[in-house]
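Accompanying notes for the structure given below.
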Amino acid sequence: MSVIDKYLKRFPDEQRESLQYLRETILSIVPQAKETLSYGMPAFEIDGKVVAGFDGFKNHCSYFPHSGSVLEELYGFPEWCEVSKGTLRFPIGKKLPKTLVRKLISVRRRQITEKQKGRSSVKPKK
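For what it's worth, our numbering labels the leading residue of the sequence shown as 14, then goes sequentially.
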């Protein structure tokens, strides 16, 4: 049993189903990702860099891109999502569309690549 399997056992069925769906979606997009815990929550890393994470809370589930600028680059989120700088919150029982998760991971991976090449995709604030 993986660390994420153990982690997910603590959630009620409906919430665990939403989070398990997100987990499977992430792994279908980046099957090479290693499942781990980062900041005490499920995360997925590639080459030692976290590209996605999630967690469940009392009244919602959250997707964490592990970058404060990923969500700023995207638009067209489902109306039932709540977007903040570093978190995409969604209701228990809802499932994030695979196309959205693919975009989130794509932006994060591009940011990591640019940072490794010495270019920052984050625009400095004035």
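Where is the CB? At the ideal position from N, CA and C, for every residue including glycine.
On the DSSP letters alone, give me the boundaries of the beta strand (DSSP E) that R102 sits inside.
L101 to F103
Does the Cβ-Cβ distance between P55 and I17 come in under 7 angstroms?
yes
Three-state secondary structure assigned by DSSP to Y178:
This structure cannot speak to residue 178, because the chain is shown only from 14 to 139.
With C-beta atoms as the reference, is F67 less than 7 angstroms away from L35?
yes
Please return the same chain residues whose Cβ sits closer than 7 angstroms to the Cβ of R29, not counting the five positions on each side in sequence.
L21
Anticipated Cβ contact below 8 angstroms, G106 with E37, distance rounded
16 angstroms between Cβ atoms; not a contact.
Report the rounded CA-to-CA distance for P78 versus N72, giving the unit in angstroms.
20 angstroms
Would you mind working out which of P110, P91 and T100 sits nearest S75, comparing C-alpha positions?
T100
Thinking C-alpha only, which one of R102, S15 and L50 is nearest C94?
R102
How big is the Cα-Cα spacing for R122 and V64?
6 angstroms
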